[in-house]
DNA sequence: GATACAATCTACAGTAGCTGTAGAAGCAAG
DNA sequence: CTTGCTTCTACAGCTACTGTAGATTGTATC
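Residue numbers (my numbering), protein chains in the order written: chain W, 161 to 301; chain D, 161 to 301.
Next up, the structure:
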C-alpha cells in the first residue's frame, strides 16, 4: 500500500532488469513466491524479492537451468538441510564452466586478432570463419 | 550409395555429436543444404557436411544465434564478398564474450573455494548460494 | 468531478531452438 | 523370410521466455 518498503511489479522489473511478463512467469512456475496483493489485486514486492530475482537472473545468464536454480533456491529456503546437494549441483557445473571459459578464450583471442586486420578484405581470407571452424575442429588445425 | 566418402545421417550425427532430428531441423531452416538422396530417399552426407555441421554446433555452443551463424555461413559460401560483415558480427560478440568470461571466472573461483569446505555443512553456511548471489549482486558485497 | 494516460491485471498465442513420438518403409544379418 | 535397426515424414511437446488483447486501476491534470 503506502508501505515505503513495498513496491509494484514494474519497480521490481526495473531494479532487476527483468521484464514484467517474465516476473509473472517466474511466479507461475514457482521460482518466485506468490506475492502479497493490494486491495485491487496488484502484486507488491520487497527487497527480498529483488535479491531472489537477481539470483535467478544471474543464475540463468550463467547457464543454470530453471530446475537447478529451483533446487538452489529450495536449499536456501530451507537452510537446515545438508548443503552437499548444493555443492553437487555446483560441481556439476564447474567442469562445464571451465570448458566454456577455455573455448570462449580461444574464440576471444581469434576475434581480437581478426578485428584489426579483417576490414576490407575478402571473406575467403577472413579469419573469423576460420577461427570459429578452428575452435570447432581443433583436430583439423 | 556405395561411395566410401558418402554416409548416412546417423553417421553424421555420431561424428558431430548431433541428434538426427537436429540435423533434419538444420536442413529445414536452411543451415545445412538439402543433401543428395539414395534411390530410396535416404540422405547422404560427406566430409564437407561434417565440417559445416561442426561449425554450426560450435557456433551455437558459443552463444551465436542461428541467424548469426547463417550469415557467417553465407559469407563463407560466397567468399568473394567483403568480410567486414563477418568482422562486425564477430565484434558484436566480443564484448559479450569478455563479460561472460569474467562472470564465469568469478563464479568458478567461488565454486572452487566452496567445493572442499562445503560438504556436510548446513545450507545456511553454504557459500555456493552466497557466491551466485554475490555474482548477481556485486553492489551488495 | 471528468478526463486522459500509464501501469497493472488475466489469459493466451507466438518465438527460438531444439527433442521426442508415431507409423510406415528400407535394409542387413541370420 | 523374419527380426531388428535405421531412416523417412509429419507433427506434437519442451524450455524459457516474449508479446498482445482487452479490461481494470491509479494518478495527474483540467
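In this text, a Cβ means the ideal position worked out from N, Cα and C, and glycines have one as well.
Legend entry - At least three beta-carbon pairs within less than 8 Å, the stretch 216-233 of chain W to the stretch 173-192 of chain W: In this structure the stretch 216-233 of chain W lies against the stretch 173-192 of chain W, because at least three pairs of beta carbons, one per stretch, are closer than 8 Å.
Inset, instruction - Rounded to whole angstroms, what's the CA-CA distance from residue 105 of chain D to residue 248 of chain D? Just pull it up for me. - result: Because chain D is modelled from 161 through 301, residue 105 of chain D falls outside the range shown and cannot be assessed.
Legend entry - Neighbour-count burial assignment, residue 229 of chain D, 16 or more Cβ in a 10 Å radius: buried
Legend entry - Residue environment, residue 184 of chain D, which counts as buried when at least 16 other CB atoms sit within 10 Å: exposed
Inset, instruction - Might you give, ordered along the chain, the residues of its own chain that have their beta carbon closer than 7 Å to the beta carbon of residue 210 of chain W, omitting 5 neighbours on each side? - result: 172, 175, 176
Legend entry - Helix, strand or coil at residue 204 of chain D according to DSSP, with G and I counted as helix: strand
Legend entry - Partners in chain D for residue 260 of chain W, counting only beta-carbon separations shorter than 7 Å: 264
Legend entry - Cα-Cα separation, residue 236 of chain W to residue 192 of chain D: Residue 236 of chain W and residue 192 of chain D: Cα-Cα distance of roughly 45 Å.
Legend entry - Residue(s) in a DSSP beta bridge with residue 197 of chain D: D:203
Legend entry - Span separating the alpha-carbon of residue 258 of chain W from that of residue 258 of chain D: 14 Å
Inset, instruction - List the DSSP bridge partners of residue 167 of chain W. - result: W:205
Legend entry - Any C-beta of chain W under 8 Å from that of residue 202 of chain D: Any Cβ of chain W closer than 8 Å to the Cβ of residue 202 of chain D would place that residue at the interface, and such an atom is absent.
Inset, instruction - Could you have a look at residue 189 of chain W and say whether DSSP puts it in helix, strand or coil? - result: Residue 189 of chain W: coil per DSSP, three-state reduction.
Inset, instruction - Would you check if the distance between the CB atom of residue 222 of chain W and the CB atom of residue 263 of chain D is smaller than 8 Å? - result: Yes, they are a contact pair.
Inset, instruction - Would you mind working out which of W:207, W:195, W:188 sits nearest residue 226 of chain W, comparing C-alpha positions? - result: W:188
Legend entry - Assigned exposure category for residue 197 of chain W - 16 Cβ within 10 Å defines buried: exposed
Legend entry - Rounded C-alpha distance that separates residue 182 of chain W from residue 269 of chain D: 30 Å
Inset, instruction - Within the same chain, show all residues whose beta-carbon is closer than 8 Å to that of residue 167 of chain D, passing over the 5 residues directly before and after it, in chain order. - result: 204, 205, 206
Inset, instruction - Please say whether residue 190 of chain W and residue 180 of chain W have beta carbons closer to each other than 8 Å? - result: no
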